[in-house]
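A short worksheet on the structure shown next.
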Amino acid sequence: MDHASSTVELNPISEEDLPFWKELLAQQETREHQPLQERTEEELRQHLHRYTEHDLGHPHHREYKWVVIDTKSLERLGEVSFDKLDIGQKIGRIGYSIAPGWWGKGFGTAVVGAMVDKIFSESDCQRIEAECSIHNPASRRVLEKNGFTREGTKRGYLEIHGERVDHYSFGLLKENWEKQR
Numbered sequence: 060m061d062h063a064s065s066t067v068e069l070n071p072i073s074e075e076d077l078p079f080w081k082e083l084l085a086q087q088e089t090r091e092h093q094p095l096q097e098r099t100e101e102e103l104r105q106h107l108h109r110y111t112e113h114d115l116g117h118p119h120h121r122e123y124k125w126v127v128i129d130t131k132s133l134e135r136l137g138e139v140s141f142d143k144l145d146i147g148q149k150i151g152r153i154g155y156s157i158a159p160g161w162w163g164k165g166f167g168t169a170v171v172g173a174m175v176d177k178i179f180s181e182s183d184c185q186r187i188e189a190e191c192s193i194h195n196p197a198s199r200r201v202l203e204k205n206g207f208t209r210e211g212t213k214r215g216y217l218e219i220h221g222e223r224v225d226h227y228s229f230g231l232l233k234e235n236w237e238k239q240r
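The number in my numbering is simply the position in the sequence shown, starting from 1, with 59 added.
Below is the structure:
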């Protein structure tokens with residue numbers, strides 16, 4: 060699958076990104092369908108140590124986070140994460156948040172596409188999972204456009220704004236990704 064990955068770049072999150080990360084989490088629209096909370100820069104700084112390893116092939120590191128940059132304007136437009144859920148079974152999970160000002164312009168699709176390409180190209184991951192709220196059709200379409208298959212519904216999966224919210228569960232196998240390229 061040919062993604063508009065030339066329009067986005069994934070950069071490992073760093074100290075310089077803390078103001079953007081804080082602002083992203085502070086936006087109500089960003090938190091509408093996710094269990095995100097506002098954080099201070101100091102709280103976010105304390106999380107940075109978890110994301111110091113950038114080699115996806117590292118055999119023991121499990122958590123990765125990148126800031127997404129628009130290659131034309133060089134502005135930050137979101138953040139993405141990858142967690143190795145089961146290293147032995149080579150299964151991982153992605154998450155992503157795009158700043159509201161960038162919504163509806165194809166960046167979500169480009170971001171997830173670039174991330175999937177990076178994960179399957181730079182690690183031994185064989186399966187990527189993702190979830191999205193059943194109330195978030197835009198995120199569902201982003202996953203579907205990138206070849207993810209909806210595999211079911213996780214009832215009451217996450218608590219968002221004090222309520223348990225059902226989420227769709229998606230999966231993408233490396234072998235299917237290779238066929239789509």
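All C-beta atoms, glycine included, are put in the ideal place defined by N, C-alpha and C.
Unbroken alpha helix (DSSP H) runs of no fewer than 4 residues, entirely contained in the segment 195-219, are found at 196-204, following chain order. Excluding its 5 nearest sequence neighbours in each direction, residue 204 has C-beta neighbours in its own chain below 6 angstroms: 168, listed in chain order.
Under the three-pair Cβ rule at 8 angstroms, the segment 175-185 counts as touching the segment 226-238. When beta bridges are read from the DSSP output, residue 151 appears opposite 143 and 187. At a Cβ-Cβ threshold of 9 angstroms, residue 153 and residue 141 count as neighbours.
If the five residues before and after residue 198 are omitted, its C-beta is found closer than 6 angstroms to the C-beta atoms of 191, all from its own chain and listed in chain order.
The distance from the Cβ of residue 127 to that of residue 170 is about 5 angstroms, consistent with a contact at the 8 angstroms cut-off.
As computed with DSSP, residue 231 is found in a beta bridge with 187.
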